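The opening position of the sequence shown corresponds to residue 1 in full-length UniProt numbering, with each subsequent residue numbered one higher.
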Amino acid sequence: MSENHDKTHMNEGEKSQLHDSEEGLEGALECSDEALQTEIKVESTSPQGLGRPHTLLSFLLPGHTRLRNQITEVLDLDLIRQEAENGALDISKLAEFIIDMMGTLCAPARDEEVKRLKDIKEIVPLFRAIFSVLDLMKVDMANFAVTSIRPHLMQQSVEYERKKFQEVLEKQPNSLDFVTQWLEEASDDLMTQKCKHALPAGGEAAGSGELTPVAVQNYAYLKLLKWDHLQRPFPETVLMDQARFQELQLQVEQLTILGAVLLVTFSTAAPGITCKADLAEKLKMIVKILLMDMHLPSFHLEDALTSIGEKVCLEVSSCLSQCGASPFSVDKEIALKGQILAVASLDDPLRRIMGSRILAFLEAHLASGHQKPLPAVPGGLGPVHKELEEVAVKFVRLVNYNKMVFCPYYDAILRKILLPS
């Protein structure tokens with residue numbers, strides 16, 4: 001009994017304490033906003049808080065002597081501390097100076113954010129926004145520093161890789177054998193193509209021009225996008241980048257199939273589907289998802305293309321219905337599925353055309369360097385131009401870096417190939 005009586009009193013005591021806690025919590029919540037504002041205001045307008053805009057000094061270049069003196073004079077922490085203690089600190093004037101200086105030193109991308117600071121009238125939100133924009137300006141400055149030193153880092157990286165490869169070459173003099181074979185094949189293939197296209201109706205070569213080292217090199221890099229990695233050793237100078245070239249090769253194959261599927265679909269179903277502007281994006285998403293596992297050994301292209309054909313026909317039928325066009329006939333559906341499935345063959349004419357156009361675009365992109373305008377996207381590849389340009393940028397960046405590292409070796413080998421005398 002006494003035990004139960006104690007428990008009863010304990011429960012009543014706990015309830016009373018809980019009631020008092022709830023009332024205290026309500027009171028705390030009511031005054032929390034005011035207390036928080038006061039605390040932030042004290043912290044923001046304290047000498048330590050106001051000292052944060054001294055970050056502006058880190059944005060100055062060595063020649064900005066006048067601005068440096070101006071910032072140091074206005075943001076004198078000792079003076080600010082004295083004014084704050086005596087209640088003579090003009091926060092608004094100080095904030096105005098900081099904002100004007102931020103507008104002078106910020107990147108163009110931050111102009112609007114700095115301009116919006118002038119619309120904030122309350123002190124606490126104003127300094128909170130100032131500190132936020134200052135943090136963004138720090139990031140901009142860091143990015144600018146990285147961009148500035150990137151060429152120097154690139155040059156050091158090039159020299160380091162070349163030095164290490166030279167050390168390997170001195171220990172193993174045959175370390176350029178596969179590179180030589182790779183460039184010789186590229187030279188022979190390119191010469192065969194030039195002679196084939198140069199033959200006039202009479203059968204005599206119409207002054208086929210000589211090959212240039214740059215043309216042979218660019219064509220050799222394109223051959224890496226069709227490389228048989230299981231049967232052939234990769235050239236030594238690109239061995240460290242083999243995984244990257246394999247990834248690009250896979251992307252080129254996927255783009256080839258994607259371009260072929262879209263071209264045959266729009267050729268078969270047009271003009272009834274032209275009213276749906278987002279159809280191409282829907283079809284692209286379907287094909288990309290079903291080709292996502294293309295790099296896996298268990299992937300079967302025929303099965304994937306069969307599924308693609310089914311889903312594409314459903315989308316086309318739905319689109320024709322929404323556009324009020326005549327329904328997709330059974331014969332057209334069977335023909336479209338057959339044409340999509342035929343893309344699985346490497347000898348499929350449409351697949352070969354798409355593949356050759358993609359490689360031609362990459363070659364033109366590589367040959368153009370940094371010149372403007374960039375090569376136009378070949379016909380039939382308009383729906384995948386974004387993906388194609390992304391692959392081109394990656395390919396050109398990878399190739400150009402490899403050229404920078406190994407150009408002395410390539411030049412020596414190509415001189416022997418193109419000028420045997």
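Positions of the beta carbon are idealized from the N, C-alpha and C atoms, including for glycine.
None of the values given here were measured: they were computed from a predicted structure.
Which value, in whole angstroms, describes the spacing of the CA atoms of residue i and residue j?
i, j, result
"K332", "L341", "14 Å"
"E185", "Y409", "17 Å"
"G203", "V405", "Confidence in G203 is poor, its pLDDT being 42 and thus under 50, which makes the residue's placement too unreliable to answer from."
"V330", "V312", "14 Å"
"F131", "R150", "29 Å"
"I417", "L176", "14 Å"
"L366", "P349", "26 Å"
"R162", "K403", "11 Å"
"A269", "G324", "13 Å"
"P383", "N69", "57 Å"
"L153", "A142", "15 Å"
"I289", "P297", "17 Å"
"R244", "L169", "23 Å"
"L183", "L239", "15 Å"
"K337", "L283", "14 Å"
"A109", "T147", "16 Å"
"D135", "A129", "10 Å"
"P378", "Q172", "44 Å"
In the structure shown, what three-state DSSP assignment does residue i receive?
i, result
"K118", "coil"
"D303", "helix"
"L176", "coil"
"P108", "helix"
"V377", "coil"
"R232", "coil"
"H385", "helix"
"P62", "coil"
"G87", "coil"
"L336", "helix"
"P297", "coil"
"V316", "helix"
"V343", "coil"
"I308", "helix"
"E390", "helix"
"G55", "Looking at the sequence provided, one finds Thr at residue 55 rather than Gly. DSSP places T55 in helix when its eight states are reduced to three."
"I99", "helix"
"I413", "helix"
"T192", "helix"
"T212", "coil"
"residue 432", "Past the boundaries of the shown model lies residue 432; the chain is included only from 1 to 421, so the question cannot be answered."
"I80", "helix"
Output the boundary residues of the alpha helix (DSSP H) element that contains residue i.
i, result
"residue 435", "Summary: the structure shown does not reach residue 435, with the chain confined to residues 1 through 421, and so no result is reported for it."
"M354", "349-368"
"R68", "65-74"
"P327", "Premise fails: P327 is in no alpha helix (DSSP H) and is neither H nor E."
"M285", "279-290"
"K226", "No alpha helix (DSSP H) contains K226, which DSSP labels as neither H nor E."
"I257", "242-269"
Among residues of its own chain, excluding the 5 on either side of residue i, which ones have a beta-carbon nearer than 8 Å to its beta-carbon?
i, result
"K115", "G103"
"G380", "G259, L263, I353, M354, R357"
"L190", "L211, A215, V216, Y219"
"L126", "A95, L117, I120"
"I99", "V114, L117, K118, I130"
"D140", "C106, A107, A109, R110"
"E363", "N218, Y219, L222"
Counting only beta-carbon atoms, is residue i nearer than 7 Å to chain C?
i, result
"T237", "Among the chains in the structure shown there is no chain C, since it carries only a single protein chain."
Looking only at its chain, what residues have a beta carbon closer than 7 Å to the beta carbon of residue i, apart from the 5 residues adjacent to it on each side?
i, result
"H64", "none"
"V316", "T265, A269, I273, F328"
"K394", "L248"
"residue 509", "Summary: the structure shown does not reach residue 509, with the chain confined to residues 1 through 421, and so no result is reported for it."
"L391", "It is worth fixing the name first, because residue 391 is Val in this sequence and not Leu. L248, Q251, V252, L255, listed in sequence order."
"T72", "none"
Leaving out five residues on either side along the sequence, give the residues of the same chain with a beta carbon under 6 Å from the beta carbon of residue i.
i, result
"V179", "P235, E236, T237"
"F97", "V74"
"M101", "L56"
"H295", "L250"
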